[in-house]
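**Q** Chains as they are written, first to last, in our numbering: chain C, 3 to 608; chain W, 3 to 608.
Protein chains: 2
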Amino acid sequence: MSSYSAPLKDMKFLLKDVIGLAEVGSLPGCEDATPDTADAILEEAAKFSSEVLDPLNVVGDREGPSYDAATSSVKTSPGFKEAYRQFCENGWNGLGFEPEWGGQGLPKLVSTPVLEMLKSANLAFSLCPMLTQGAIEALVLRGSEQLKTTYLRKMVAGTWTGTMNLTEPQAGSDLSLVRTRAERHTDAENGAHYRLFGQKIFITWGEHDVAENIIHLVLARTPDAPEGVKGISLFVVPKFLPKADGTPGRRNDVRAGSIEHKLGIHGSPTAVMLYGDKGEGAVGFVVGEENRGLEYMFIMMNAARFVVGLEGVALAERAFQRAVHYSSERLQGRDLVEGRTVPIIRHPDIRRMLMLMKSQAEATRALAYDVAAAMDIARLHPDETRRKQAQGYVDLMIPVVKGWSTEAGLQVASLGVQVHGGMGFIEETGAAQHLRDARITTIYEGTTGIQANDLLGRKLLRDGGGAMRAWLESLKPLDSALAGAKNPDVVALRGPLAGGVQALIDALKYFVATAKQDPRATYAGAVPFLMLTGHVAGGAMLARSALVAERKLGESGADADFLKAKIATARFFAEHILTQSGGLRDAIVGGASTIMAIADDKLIAV
Amino acid sequence: MSSYSAPLKDMKFLLKDVIGLAEVGSLPGCEDATPDTADAILEEAAKFSSEVLDPLNVVGDREGPSYDAATSSVKTSPGFKEAYRQFCENGWNGLGFEPEWGGQGLPKLVSTPVLEMLKSANLAFSLCPMLTQGAIEALVLRGSEQLKTTYLRKMVAGTWTGTMNLTEPQAGSDLSLVRTRAERHTDAENGAHYRLFGQKIFITWGEHDVAENIIHLVLARTPDAPEGVKGISLFVVPKFLPKADGTPGRRNDVRAGSIEHKLGIHGSPTAVMLYGDKGEGAVGFVVGEENRGLEYMFIMMNAARFVVGLEGVALAERAFQRAVHYSSERLQGRDLVEGRTVPIIRHPDIRRMLMLMKSQAEATRALAYDVAAAMDIARLHPDETRRKQAQGYVDLMIPVVKGWSTEAGLQVASLGVQVHGGMGFIEETGAAQHLRDARITTIYEGTTGIQANDLLGRKLLRDGGGAMRAWLESLKPLDSALAGAKNPDVVALRGPLAGGVQALIDALKYFVATAKQDPRATYAGAVPFLMLTGHVAGGAMLARSALVAERKLGESGADADFLKAKIATARFFAEHILTQSGGLRDAIVGGASTIMAIADDKLIAV
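#1: Mind checking which residues open and close the beta strand (DSSP E) that includes W/GLU185?
#2: Helix, strand or coil: which one does DSSP assign to C/VAL288?
#3: What residues in the segment 520-550 of chain C bring their beta carbon closer than 7 Å to a beta carbon of chain W?
#4: Buried or exposed for C/PHE574, please, with buried defined as at least 16 other CB atoms from any protein chain shown within 10 angstroms of its CB.
#5: Under 7 Å Cβ-Cβ, which residues of chain C neighbour W/MET357?
#6: To the nearest angstrom, report how far apart C/ALA505 and C/GLY584 are at their CA atoms.
#7: Per DSSP, C/LEU154 forms a beta bridge with which residues?
#8: Compute the Euclidean distance between the alpha carbons of C/SER79 and W/ASP38, then round it to the nearest angstrom.
#9: Flag W/LEU510 as yes if its beta-carbon sits less than 9 Å from any beta-carbon of chain C, otherwise no.
#10: Measure how close the beta-carbons of C/GLY251 and C/LEU198 come, nearest whole angstrom, since I'm counting them as under 8 Å.
#11: Measuring alpha carbon to alpha carbon, tell me which of W/THR73, W/LEU480, W/LEU356 ends up nearest W/VAL503.
#12: Would C/ALA137 pass as a contact of C/THR165 if the rule is Cβ separation under 9 Å?
#13: Check each candidate in C/ASP508, C/GLY592, C/THR151, C/THR134 and name the one with the smallest Cα separation from C/GLU209.
#14: I'd like to know whether the C-beta of C/PHE564 is nearer than 9 Å to at least one C-beta of chain W.
#15: Under the DSSP definition of a beta bridge, which residues are partnered with W/ILE347?
#16: Does W/ARG441 have its Cβ less than 9 Å from a Cβ in chain C?
#17: Rounded to a whole number of angstroms, what is the C-alpha to C-alpha distance between C/ASP563 and C/LEU549?
#18: Suppose contacts are defined by Cβ-Cβ distances below 9 Å. Is C/GLU229 in contact with C/GLY200 by that definition?
#19: Are the C-beta atoms of W/ALA618 and some chain C residue less than 9 Å apart?
#20: So which residues of chain C does W/ALA517 contact, with C-beta pairs closer than 8 Å?
#21: How far does the beta strand (DSSP E) with W/TRP162 in it extend, from its first residue to its last?
#22: Could you tell me which residues DSSP puts in a beta bridge with C/ASP70?
#23: Considering only DSSP beta bridges, list what W/LYS478 is partnered with.
#24: Can you find a CB in chain C that lies within less than 9 Å of the CB of W/ASN455?
#25: If we define contact as Cβ-Cβ less than 9 Å, is C/LEU484 a contact residue for chain W?
#26: Assuming C/VAL344 and C/ASP351 are in contact, meaning their beta carbons sit under 8 Å apart, how far apart are those beta carbons, in whole angstroms?
#27: Name the residues in the segment 216-231 of chain W whose C-beta lies less than 8 Å from a C-beta of chain C; which are they?
#28: Taking C/ALA140 as the reference, give the member of C/SER361, C/ASN167, C/THR571, C/ALA551 with the closest Cα.
#29: What does a CB cutoff of less than 7 Å around W/GLY98 pick up in its chain, not counting 5 residues either side in sequence?
#30: For C/THR535 and C/LEU457, which I take to be in contact (beta-carbon distance under 8 Å), what is that distance rounded to the nearest angstrom?
#31: Within this structure, are the beta carbons of W/LEU129 and W/SER330 separated by less than 9 Å?
#32: With 9 Å as the C-beta to C-beta threshold (strictly closer), list the residues of the segment 159-188 of chain W near chain C in chain order.
#33: Taking just the CA atoms, how far does W/TRP473 sit from W/LEU58?
#34: For W/ARG464, would you say it is in contact with chain C, using Cβ-to-Cβ distances shorter than 9 Å as the test?
#35: In three-state DSSP terms, what is C/LEU177?
#36: Would W/LEU10 pass as an interface residue toward chain C - the criterion being a Cβ-Cβ separation below 9 Å?
Right under this line is the structure:
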């Protein structure tokens, strides 16, 4: 069996040597994020992830939550309740939140590796705090003082968990179709409030037994709201209405109607939530102003999409580790040169697959951490220009972190099964779970197609490509540095990276030329463009890492094995992934004419 | 819900217009394979697949076989037994076998579409006759007259099923490690025979209740056999020893020890088989000569690999149809041009995914059928040169049909989930089953890596690349024909196809140059080379189809929608799949240096 070990070396290398914990640690309010503190936190998180969460991962998969129709209650997998108690007691839930609400106020650059570890060890478990954190952010950003006072400390502590209720059967990617209604109401118990009626589906951790209360954030329409996206409001709907003393009071008119039978993340209960099912309506309180719910969701969406992107990194790492463990032990076939029976890790194609896994785990990680640091800078840097510039990079890269990293994670998890051969198809081996779990990450919180449309439409065409140009500009010094490198493996990165940049430039020209007269032809290239952007961004991060590694190899006491592996991994990525750039460009600029050529009802010819 | 409809138009178009049923039908012994007969058979098979097998597909998935430890017996999924009875009664099991044994003697070009339909409708079910057919081929090819007389009629009728017992816990891809032993024995009941002792794993349909007897073909070693691959023999081991009157007699000392809990193909019982578990040994009869078992397996392997390749086609088609059905009905988001809410099939990225699915289903199908026709020619053509040439093409393309088509099927099944969005992750939708089922096809009957090594090592380097050169030569007239086409969509195929051919030539030069001095660097490119070969072969088949379609569009009464779709699909494939050729070439010729650069125990750095 393979157990998870957090890739602490790579995490620390990225934080300290590549991305700049020093700069982030010097931001106002981040003074506690010293290298020593960061090390200590990462090491504790690694321990908790490996010792507590990792062993429960398979338990959650095999013995998922059960739903009791009589009480509308959900019993989570064995061990999850106790693990969640420890998780909260250790303070992991509040890592990134303001001390004002009981959090530790750590920058994203430090909390991000912690999140990655939780997700590598137990994705299904990690979704509970992830959703809570999303709900907290909504309240911090737009909640009234009363909402903040009532809910935030409990939620930051994790005593109460949160959910996000967006999807309805007819409203998935298109939230303009939301129908859940919120009627204004006033009574002695709750004062002015709303009563909600409707059904929400795919509600992650919508019902469970690990916390004493569940705070649902719900998108709904007031009776007089305008149609479409401008008529949707955001409400807080607690499972138990808080009493004056702040403890959970009477049960609200909201309940889980069932839980889903899913391909993966079995340990995470995905509920159908029924609001106002008893007829009285679920008591809810508006967040911010009416009709601005979708706008608030979009503010939070960056954070949520970033965190799902991290799931791609996390599953890639976990699947990679399992594949290395198996292939190191499985004796099969003879070495091509030495002739003796060897572990399959010695066979070139197995190694190629392991390197595809390793290089993509590291490339997606490096990009995610770089964006995490930019989020810190965008929020806290004293210089407005620096803040804006960082925010531009964040906005540009969020759909890439989400879309590209999860596509990579999915591919890597599938390769993980392949490395195991027939054993990979047997559930007891564990490799298949990662693939099943990974399959949702390219879908929820906006599919890859939605991310690509966001990148192309909002982040590129709408702002005239400024952020993209700024980023491409920032790659020029990298190109020069690669040209000046001495290590031939580092120099070798230059060609494939330049090829990727050129492909991006060609694609940009195409988009600008077609966007107005043929939007369908433009958006047909959206996903290939997102993947291309990811390859170049990931390749650039690995190139930066390789340059640092080259420099550090010259220092005394350098960890030569690790640093040389960094360079080899960057080169592998350049030669096996970045080399796809030309093909992606060709598909974008030359592949649109056939997309809509066949009539809808002629696609299947039977 | 989506139900399966056999793509009869595409199948008939390929048989009659592209590949040449006329030539195959004129081969000696194939006189019955007239266009009308072929049509009738395909239509009947389509009906049986849709009406009987397709509805049971989800049943098998949800309610898989159960194992009873007390009796070592396996109860198959509800409905499977009755469906199998109908399958046999309709004569589907013997379609391709000699009339001498009760078969219908149809050429592969006609039986292949039938097999595809069975597999699209119910992959798990189809594995039972597939394994039987493999066992039949072994007996036909190398069985003694007595073995043939005892077993063949029953197996061709399907009354008795067959299995292939190769794998042991320590012997998967590497069969030289087989340990099951076969001791010579003589007694009054069985005459001279063998007693087998050992454990076999991953035995598809190793135990079940759909037929009255199960005939296991088993690889084992005699006590004095040489070590390694040259000491393995092939034995027939029936579950019930046939009595003199040909009916099943006493139970042999072989039983199922358990069945596996798998990611997919739940309806197919995968057994651990225990030979000689009672101590007396399983009575077995040698097939052909001792120590030549692996050689016999290799003869059959082409057929088995071809059929698994067809599973890639079949699942791609099934996943595609389901995705089209869903995306035609699911209203979500607004049309980019018209602005109104539309079914998602109108969104460019959904269409791009559907076209990736459609074009790969059609490209893999076209190649598989072309190879099927070549198998018929190689076996039956009166002219030896023609037979040899056809066999060269078959040998070259078998690993491509197996490896490339199943990789395509896996990707397509995953895209099928993606098209469904969140619903794709819910098991009840059915899209996830295709992904889970598809995940084994790149593994069993030789992983994609094994296929690629076969292509590169046996089919290319060992024979000096003759078959590959002959095939590339055969593409030159195709290039000229494309150049002479009038339809601009057909002309557009030429560039990407030529680019693919050039990439293959570059790769060949690289392999010839490195094979001797650096086999690891050579074999690091094996899988990218297999994929490149598949893209070019599939692209060439679609180009041939497009040329035929262009010609037929000029005929009166032409099915214009179908023919235009053919051309658009070929162009899509050229512009979205064949454009990957340059990247694959670059990974092959420039990507080997890092494959083994990191020490085994330094791959994970924690």
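Even glycine gets a Cβ: it sits at the ideal position worked out from N, Cα and C.
In this text the structure is predicted, and so the values were computed from the model without any measurement.
**A** Reading it off the structure:
#1: Translated into positions along the second sequence, residue 185 of chain W becomes position 183. Taken as a continuous stretch (DSSP letters only), the beta strand (DSSP E) holding W/GLU185 covers 183-189.
#2: Mapped onto the first sequence, residue 288 of chain C falls at position 286. Strand, per DSSP.
#3: PRO521, ARG522, TYR525, ALA526, ALA528, VAL529
#4: Within the first sequence, residue 574 of chain C is the residue found at index 572, counting from 1. The residue is buried, with at least 16 neighbouring Cβ atoms inside 10 Å.
#5: Taking the second sequence and counting its residues from 1, one reaches residue 357 of chain W at position 355. Simply THR596, ILE597.
#6: Residue 505 of chain C sits at position 503 when you count from the first residue of the first sequence. Residue 584 of chain C sits at position 582 when you count from the first residue of the first sequence. Computed Cα separation, rounded: 6 Å.
#7: One-based indexing of the first sequence puts residue 154 of chain C at position 152. Answer is none; C/LEU154 lacks a bridge partner.
#8: What you label residue 79 of chain C is simply residue 77 of the first sequence in a count that begins at 1. What you label residue 38 of chain W is simply residue 36 of the second sequence in a count that begins at 1. Answer to the nearest angstrom: the Cα atoms are 59 Å apart.
#9: By one-based count along the second sequence, residue 510 of chain W stands at place 508. No, W/LEU510 lies away from the interface with chain C (no Cβ there is under 9 Å from its Cβ).
#10: The residue you call residue 251 of chain C lines up with position 249 of the first sequence. The residue you call residue 198 of chain C lines up with position 196 of the first sequence. So it is not a contact: roughly 18 Å between Cβ atoms.
#11: Numbered from 1 along the second sequence, position 501 holds the residue referred to as residue 503 of chain W. Among W/THR73, W/LEU480, W/LEU356, the Cα nearest to that of W/VAL503 is on W/LEU480.
#12: Numbered from its first residue, the first sequence carries residue 137 of chain C at position 135. Numbered from its first residue, the first sequence carries residue 165 of chain C at position 163. Yes. Within cutoff.
#13: Locating residue 209 of chain C in the first sequence gives position 207, counting from the first residue. Comparing Cα positions, the closest option is C/THR134.
#14: Along the first sequence, read from residue 1 onward, the residue named residue 564 of chain C stands at position 562. Yes, C/PHE564 lies at the interface with chain W (some Cβ there is under 9 Å from its Cβ).
#15: Within the second sequence, numbered from 1, the residue matching residue 347 of chain W stands at position 345. In DSSP, W/ILE347 forms no bridge with anything.
#16: Within the second sequence, residue 441 of chain W is the residue found at index 439, counting from 1. By this cut-off, W/ARG441 is an interface position.
#17: Translated into the one-based positions of the first sequence, residue 563 of chain C becomes position 561. Translated into the one-based positions of the first sequence, residue 549 of chain C becomes position 547. Approximately 15 Å, taken between the alpha carbons.
#18: For the purposes of this step, residue 229 of chain C is identified with residue 227 of the first sequence, where counting begins at 1. For the purposes of this step, residue 200 of chain C is identified with residue 198 of the first sequence, where counting begins at 1. No; because the gap between Cβ atoms is not below 9 Å, this pair is not in contact.
#19: This structure cannot speak to residue 618 of chain W, because chain W is shown only from 3 to 608.
#20: Taking the second sequence and counting its residues from 1, the one referred to as residue 517 of chain W is at position 515. In chain order: nothing, as chain C lies at least about 11 Å away.
#21: Here the question's residue 162 of chain W lines up with position 160 in the second sequence. Here the beta strand (DSSP E) through W/TRP162 covers 162-167.
#22: Counting from one through the first sequence, the residue named residue 70 of chain C turns up at place 68. According to DSSP, C/ASP70 bridges with C/SER75.
#23: Along the second sequence, read from residue 1 onward, the residue named residue 478 of chain W stands at position 476. BP columns for W/LYS478 are empty, so no partner.
#24: Locating residue 455 of chain W in the second sequence gives position 453, where the first residue counts as 1. So yes, W/ASN455 belongs to the interface.
#25: Here residue 484 of chain C corresponds to residue number 482 of the first sequence, with the count starting at 1. Not an interface residue.
#26: In the first sequence, the residue the question calls residue 344 of chain C occupies position 342. In the first sequence, the residue the question calls residue 351 of chain C occupies position 349. Not a contact, Cβ separation roughly 13 Å.
#27: none
#28: Counted from its first residue, the first sequence places residue 140 of chain C at position 138. The shortest Cα separation from C/ALA140 among C/SER361, C/ASN167, C/THR571, C/ALA551 belongs to C/ASN167.
#29: Counted from its first residue, the second sequence places residue 98 of chain W at position 96. Once the five neighbours on either side are set aside, the close Cβ partners of W/GLY98 are GLY105, LEU108, LYS110, SER113.
#30: Residue 535 of chain C sits at position 533 when you count from the first residue of the first sequence. Residue 457 of chain C sits at position 455 when you count from the first residue of the first sequence. Right, the Cβ-Cβ distance comes to about 7 Å (below 8 Å), so this counts as a contact.
#31: The count along the second sequence starts at 1 and reaches residue 129 of chain W at position 127. The count along the second sequence starts at 1 and reaches residue 330 of chain W at position 328. Contact flag unset, no.
#32: THR169, GLN172, ALA173, GLY174, SER175, ASP176, SER178, LEU179
#33: Translated into positions along the second sequence, residue 58 of chain W becomes position 56. Translated into positions along the second sequence, residue 473 of chain W becomes position 471. Approximately 41 Å between the Cα atoms of the pair.
#34: As a working note, residue 464 of chain W is residue 462 in the second sequence. No - not a single Cβ of chain C is within 9 Å of the one on W/ARG464.
#35: Within the first sequence, residue 177 of chain C is the residue found at index 175, counting from 1. C/LEU177: helix per DSSP, three-state reduction.
#36: Locating residue 10 of chain W in the second sequence gives position 8, where the first residue counts as 1. W/LEU10 counts as touching chain C.
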